[in-house]
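Protein chains in written order, with our numbering: chain G, 28 to 306; chain D, 172 to 453; chain L, 1414 to 1622. Even for Gly, the Cβ is constructed at its ideal location relative to N, Cα and C. Note that the structure is predicted; figures quoted are calculated from it, not measured. Right, one structure below, let's go through it.
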Amino acid sequence: MAELFWTTVGAILTLSIYSFLYKDNPFYKFAEHLVVGVSAGYYLVIYYWNYIDPNVATPIFLLRVGDESIGFMSGQWWMAFIPGLLGILLYARFFPKIAWVGRWPLGIYVGGYAGLGISPVMQARVIRQLGANGLPLAGVDDPMAGMTNFALGIVIFAVTTYLFVVKRSIGAGNKIARVGAIVLAAVIGYAGYVVLTLLSNAGVVSMTNILLVIGLLGTLSYFFFSMRHRGILGGLARIGIIFLMVGFGASFGYTVMSRISLLIGRVGFLLHDWLHLVD
Amino acid sequence: MDGRSLFDKILKIDRRWIFLLVGIAVVIPFFLPLGLPVVVTPPVQSLFDEVDRLPPNSQPLLMSIDYAPATLPELEPMSLAILRHAFERDVNVAVMTLHPAGYGLAERALLQAAEEYGMVYGEDYVFLGFQPGVSAVILSLGVNIRNVFPEDAYGTSLSQIPMMEGIRNFDDVPLAVTLAGWSAAEAWIYYAVEPYGQRVAAGVTAVMATDYYPYLGAGQLVGLLGGMRGAAEYEALIEHPDQGWRGMDSQSIIHMLIILLIVVGNVAYFVTGRKKKLVSQG
Amino acid sequence: MRRQIPLMLCFIAGVFTAVQYFIPHPAIQDFQERFLAWLMTLLAFAFLLGTVSLIRLHWHKIRNKADDRGYSFVALAGLLVMIGFGFFHPAHHSPGSPFNTLFQNVQVPIEATMFSLLAFYIASAAFRAFRARTMEATLLLVAATIVMLGRVPLGELIHEQIPIATRWILEVPNMASKRGIMIGVGLGMMATALKIVLGIERAWMGGGD
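Structure (structure tokens):
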């Protein structure tokens, strides 16, 4: 009975939030403000019992660390008291006359965490990533060669079509010539795919690794703003945009998947956990 | 000139009709399931193999369940699938969390899976609880777990928990899995993988998944689950279909709907754009 | 002095935590462990600053008789109820306690549902805003379409190459571009961290004396 009651409460709150899709209304606002208060209270309790009580309050006031007793003003006591005091000083910011005191613990906190991240970030995001992209460009197996060469064939077709039809205006005013130019571009694209496939099968090149290296260089070039994007840098930046757009397209596809999953979860709750309409 | 054409009307449709379409598209597969199989991808297979290699009743799998209610539908199926896999193989599991909301959610997933497999608290699994600080916590775990978690979440000293005997730091943890919808997974890479060489796998929301492929490619992650699809693949591997697999039907239908909306929107846009151009050219 | 001392503390803390990775001496590592515990304590208190700000905000609304003060009552009531059950109920830790029940049946459904609203908005945005106006936008949409198809079983049924194309997109162009972004952002993060530690970046101190 209690479970049914609380599941119904959860369902009503869920539907209150969904009512916003029609328009803003008091039910939505009620649920919105309720969760703000409940979550703040929840976090406060969790923080207190999981950290502040065993590491600050109990050593300072009950003179105990775990099962061991500690002495008042002993080393362990000071190890709890000093950070606890610094933590309390953070709240000085709410009192204008002594707000400046709050900067002291903030300085330790901000500086400490900033310094903590310098080496790991450099290592994980820069050095290791550069190392991982230092790939052999030939003489290795390329399991993704099929798709890479197919994609490059399409790129060759697209570039050739652009050169023929747009740049050189082949077939301008003559539809048959234009179609012929596009067909020729398709043939060239296919020929490119065949050649690349032969080279990949022979192990002469690893097109996937070449693409990875060019893609990284292109992306970095695009975000390099200390020089004008002209010449080689401009060309690399242009390639970089293409890789970035494909990457963002992948991110967008995954974002759609993610948001839909959240909705599926809630609908599953309503249909299965509350209404028991589905297994 | 006449009023609006069909495409004009389509472009100006009230968005609440689209909301209704989405709602219908997500509900229908619950009643008419497609039951299509899920193909497993290498990043998920990799994590599965890592867990499969863990020795039973020995050093624990460390799971950092760091998600909040906002990302529950994507990440809870993952945590349940991995926990079931571990318990099926009698692998000890130690669960912790770096997010305060993760406390309630980690406990809920852990207790549910443990009950399904008849696991005993303290011998087969332990819930360490929550600690604030992310980077500081992970770095401290690499030195001594008891520096951060001297007791479990219920106040029992770790020295009194049988499965934690001899487990001092990351040297005694063969695999750590982080499940998070925020940057906790990256923190595990920065502060566990790089300084200590800890083997780490991640389960993240689909929004974040594409950003973690470089870490996967560089070997900094030994496996990666992305969103509900990742959970569905893992459920397929452990042959225990649950929320992840069931959600794939609705996912399929809605993806088709979104693609259709993009196509229709673009067609309508270009048709009305050409019409306006023709009109302005007289 | 009101600004110099915090800057000095920031510098000392930052240099110590940055350099300790390279000094394996036991005394330094021992102090590092204690300092990490201090940072965790500070973070715990800092997090709760948000709760205090929240209380102040809603209390002011109630005191100043703002139009929507009724909702402020709701927020503060929720906060007080959770604090009451969390601190004064004897079994607040246990899974079936009122504290946990309210979390599972109030906070979890509302938060999860709020984020699921985005599914509707992304569908609406897909229809109204995602236009293949340029070559770049077309590339983005094509890649997104292939990925959306490849990550669902229905897409796998349409053509066996779709999941392979999806995997290729993720492991080649996506990885290359995200790696580039990652390196750039990583260098930026390091630069910002150094600026904070060296006192060049002072926004964290806020304004005033």
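Check: Chain L contact for G:PRO81 (CB, 9 Å cutoff); Outcome: no
Check: Touch test, the stretch 1433 to 1442 of chain L against the stretch 45 to 62 of chain G, Cβ-Cβ under 8 Å, three pairs minimum; Outcome: no
Check: Of the listed residues D:LEU218, D:TYR292, D:GLY390, D:ALA307, nearest to D:GLY374 (C-alpha basis); Outcome: D:LEU218
Check: Test: L:ILE1496 CB closer than 9 Å to a CB of chain D; Outcome: no
Check: Cβ neighbour criterion (16 or more within 10 Å) applied to D:ASN315; Outcome: exposed
Check: Secondary structure of D:TYR292, DSSP reduced to three states; Outcome: strand
Check: Rounded separation between L:THR1430 and D:LEU254 - CA only; Outcome: 35 Å
Check: Cβ separation of D:GLN359 and D:ALA347, assumed to be a contact under 8 Å, to the nearest whole Å; Outcome: First, the amino acid is wrong: residue 359 of chain D is Trp here, not Gln. Rounded, the Cβ-Cβ distance is 7 Å, consistent with contact.
Check: Residues that DSSP places opposite D:THR268 in a beta bridge; Outcome: D:PHE301
Check: The stretch 1414 to 1429 of chain L / the stretch 83 to 91 of chain G touching (three or more Cβ pairs under 8 Å); Outcome: no
Check: Buried/exposed call for D:PRO248, threshold 16 Cβ in 10 Å; Outcome: buried
Check: Those residues which DSSP pairs with G:SER96 across a bridge; Outcome: G:ARG91
Check: Chain D contact residues for L:VAL1565, given Cβ-Cβ distances below 7 Å; Outcome: MET419, GLN422, SER423, HIS426
Check: Residue-level contact to chain G via CB, L:TRP1581, 9 Å cutoff; Outcome: yes
Check: Selection of the stretch 86 to 113 of chain G by Cβ proximity to chain L, strictly under 9 Å; Outcome: MET106, ALA107, ILE109, PRO110, GLY111, LEU113
Check: Interface flag, D:MET399 vs chain G, CB-CB below 9 Å; Outcome: yes
Check: Assigned secondary structure, D:VAL435 (DSSP; H/G/I helix, E/B strand, else coil); Outcome: helix
Check: Near-chain G residues of the stretch 300 to 330 of chain D (beta-carbon distance less than 8 Å), N- to C-terminal order; Outcome: GLY300, PHE301, GLN302, PRO303, SER306, ALA307, LEU310, PRO321, GLU322, ALA324, SER328
Check: CB contact flag (L:MET1527, D:ALA241, <9 Å); Outcome: yes
Check: CB of D:LEU468 within 9 Å of CB of D:ASP413, strictly; Outcome: Examination of residue 468 of chain D is not possible in this model, given that chain D is present from 172 through 453 alone.
Check: Reference G:VAL62, options L:PHE1460, L:ALA1488, L:THR1551, closest by Cα; Outcome: L:ALA1488
Check: Reduced DSSP secondary structure (H/G/I, E/B, other) of L:ALA1545; Outcome: coil
Check: Chain G within 9 Å of D:GLU365, Cβ atoms only; Outcome: yes
Check: CA-to-CA distance, G:VAL232 to G:GLY219, given in whole angstroms; Outcome: 14 Å
Check: Other residues of its chain near G:SER288: CB distance less than 6 Å, five sequence neighbours each side excluded; Outcome: none
Check: Coarse secondary structure for G:LEU244, derived from DSSP in three states; Outcome: helix
Check: CB contact flag (L:LEU1562, G:VAL273, <9 Å); Outcome: no
Check: Exposed unless 16 or more other CB atoms sit within 10 angstroms - verdict on D:ILE425; Outcome: buried
Check: Meets three-Cβ-pair contact criterion under 8 Å: the stretch 35 to 45 of chain G and the stretch 1471 to 1478 of chain L; Outcome: no
Check: D:GLU322 - partner residues in DSSP beta bridges; Outcome: D:SER328
Check: Three-way DSSP call (helix, strand, coil) for G:MET171 in this model; Outcome: coil
Check: Below-9 Å beta-carbon distance, D:ASN437 vs any chain L residue; Outcome: yes
Check: Status (buried if at least 16 other CB within 10 Å, exposed otherwise) for L:HIS1471; Outcome: buried
Check: DSSP-derived helix/strand/coil call for L:ILE1523; Outcome: helix
Check: Check whether G:MET171 and L:GLU1573 have beta carbons under 9 Å apart; Outcome: no
Check: Residue nearest to D:PHE258 in terms of C-alpha spacing, selected from D:ARG279, D:MET267, D:TYR296, D:ALA272; Outcome: D:TYR296
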